[in-house]
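In our numbering, the protein residues as written are 19 to 173. Cβ atoms here follow ideal geometry from the backbone N, Cα and C, with glycine treated the same way. These numbers come from a predicted model, not from an experiment. Notes follow once the structure below has been shown.
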């Protein structure tokens with residue numbers, strides 16, 4: 019995270035934040051870093067008002083059939099949030115990957131990357147989902163972790 023006094027340079031921020039930092043960046047990367055440094059010096063560069071949160075929500079026991087029968091409602095609600103960039107990625111968590119195409123999914127819950135201003139906003143967002151309202155998700159045991167996404171690649 020950039021220092022609260024704003025003195026950390028973007029390059030220092032990147033080298034601290036990105037687990038794999040290439041000490042010999044490409045010409046294109048250097049140009050981007052240079053541009054970001056100039057914007058920061060001009061006080062144009064600011065952190066977004068939205069933050070990333072990594073959200074893991076376990077399913078309650080014996081709710082798989084309810085999950086499957088209400089998937090369309092869950093996806094219909096999620097569609098607008100995905101299009102708005104609020105939900106960056108999401109999907110079911112699994113006990114294990116299927117060994118073959120005939121084996122069903124051993125779904126244990128859901129994982130999402132959500133962009134919101136606060137953790138309270140994230141809690142409100144997930145609590146309004148059909149899976150939460152129908153008791154599929156165990157909202158009381160949801161884990162919401164502040165997260166800084168260093169790499170985003172469009173689908």
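- Rounded to the nearest whole angstrom, the CA to CA distance from residue 138 to residue 148 is 18 Å.
- Taking the C-beta atoms as reference points, residue 71 is found nearer than 8 Å to residue 132.
- Where residue 116 is concerned, there is no enclosing beta strand (DSSP E), because DSSP gives it neither an H nor an E.
- Secondary structure note for residue 157: it is in no alpha helix (DSSP H), with a DSSP letter that is neither H nor E.
- Of the residues 154, 166, 169, 163, the one whose Cα lies closest to the Cα of residue 83 is 154.
- As a beta-bridge residue in DSSP terms, residue 133 pairs with 70.
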